[in-house]
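Undergrad:
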Amino acid sequence: NAGVTQTPKFQVLKTGQSMTLQCAQDMNHEYMSWYRQDPGMGLRLIHYSVGAGITDQGEVPNGYNVSRSTTEDFPLRLLSAAPSQTSVYFCASSKQGAVQPQHFGDGTRLSIL
Amino acid sequence: GNSVTQMEGPVTLSEEAFLTINCTYTATGYPSLFWYVQYPGEGLQLLLKATKADDKGSNKGFEATYRKETTSFHLEKGSVQVSDSAVYFCALSVNAGSTLGRLYFGRGTQLTVWP
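These protein sequences, in sequence, are chains A and B. According to my numbering, numbering within the first sequence proceeds without interruption in unit steps and concludes at 113. According to my numbering, numbering within the second sequence proceeds without interruption in unit steps and concludes at 1115.
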């Protein structure tokens, strides 16, 4: 019973590098989302998807891209990493939308030097 | 707009003390309200929820009542344990229009319980 799986758990990048944070769920959930968590800021929504082929921007989308080619996977791409993107990133999913309880992954801790 | 304001932490209590973490909200529609908990090194887990006015959500001894008249959803527990030490997040979602896919989180309240 894997739930929501995020990889990697930790990553250090240099400014300007690119990388992809992986998120996969095995619960056949339609809704998936990415948040970043910064001290004193709570969780802020980056991007979300209400189903395969459909994505939309959240509160802080700049510098991040997403795609949703399958129901199971929702990768988050950093095109050119900046120190301001140092954060803990969480992926979440639910059956249908934000009004339903979210299942969160364990997070990816990302440091940009 | 939609937003959540919750009590600033950190909160430090002795075991068996009474806990209240305040949460108030503003919403353009008719929100559902949630409390999520984050234990050290883990993702968030749903603690409890309420979907309409006067509903009381409860789980693991925690309770919160959806108060529309005061736009509040305060979290309470009568007797905290060391194992309750975590960060608690109040959140809302509104299932209407452009906010169909969004959860709005408060900033979180760190709770530490000492034996």
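From the three backbone atoms N, C-alpha and C, an ideal C-beta is built for every residue, glycine too. From a predicted model like this one, the values you see are computed outputs, not experimental measurements.
Using only alpha-carbon positions, find the residue among B:Glu1042, B:Pro1010 and B:Phe1105 that is nearest to Tyr1025 of chain B.
TA: Residue numbering aside, residue 1025 of chain B sits at position 25 when the second sequence is read from its first letter. Per the Cα distances, B:Phe1105.
Undergrad: Let's test the definition: count the other Cβ atoms within 10 Å of the Cβ of Leu113 of chain A and tell me whether it reaches 16, buried, or not, exposed.
TA: What you label residue 113 of chain A is simply residue 113 of the first sequence in a count that begins at 1. When all chains shown are included, Leu113 of chain A counts as exposed.
Undergrad: What beta strand (DSSP E) runs, 3 residues minimum, are completely inside the stretch 1024-1086 of chain B?
TA: Runs found: 1032-1038, 1044-1050, 1056-1059, 1062-1065 and 1075-1077.
Undergrad: So which of A:His103, A:Gly107 and A:Ser111 has the shortest CA-CA distance to Gln25 of chain A?
TA: Residue mapping note: residue 25 of chain A aligns to position 25 of the first sequence, counting from 1. When only C-alpha atoms are compared, the closest one is A:His103.
Undergrad: Which word fits Gly42 of chain A, buried or exposed, when buried means at least 16 other C-beta atoms lie within 10 angstroms of its C-beta?
TA: Working through the first sequence from its first residue, we reach residue 42 of chain A at position 42. Buried, because 16 or more other Cβ atoms sit within 10 Å of the Cβ of Gly42 of chain A.
Undergrad: What residues of chain A sit near Gly1015 of chain B, judged by a beta carbon separation below 8 angstroms?
TA: By 1-based counting over the second sequence, the position of residue 1015 of chain B is 15. The sequence as given places Glu at residue 1015 of chain B; Gly does not occur at that position. Those within 8 angstroms of Glu1015 of chain B in chain A number zero; the least Cβ separation is about 27 angstroms.
Undergrad: Start and end of the beta strand (DSSP E) containing Leu13 of chain A?
TA: Taking the first residue of the first sequence as 1, we reach residue 13 of chain A at position 13. It spans Phe10 to Leu13 - the beta strand (DSSP E) in which Leu13 of chain A sits, taken as one unbroken run.
Undergrad: Please identify, using Cβ separations under 9 angstroms, the residues of the stretch 95-113 of chain A that lie next to chain B, in order along the chain.
TA: Residues Gly97, Ala98, Val99, Gln100, Pro101, Gln102, His103, Phe104, Gly105, Asp106 and Gly107.
Undergrad: Is it true that the stretch 1035-1044 of chain B meets the stretch 1083-1096 of chain B, where meeting means three or more beta-carbon pairs spaced less than 8 angstroms apart?
TA: Contact between the stretch 1035-1044 of chain B and the stretch 1083-1096 of chain B is present, because at least three Cβ pairs lie under 8 angstroms.
Undergrad: May I ask you to report which of helix, strand or coil DSSP gives Gln102 of chain A?
TA: What you label residue 102 of chain A is simply residue 102 of the first sequence in a count that begins at 1. Residue state, collapsed to three classes: coil.
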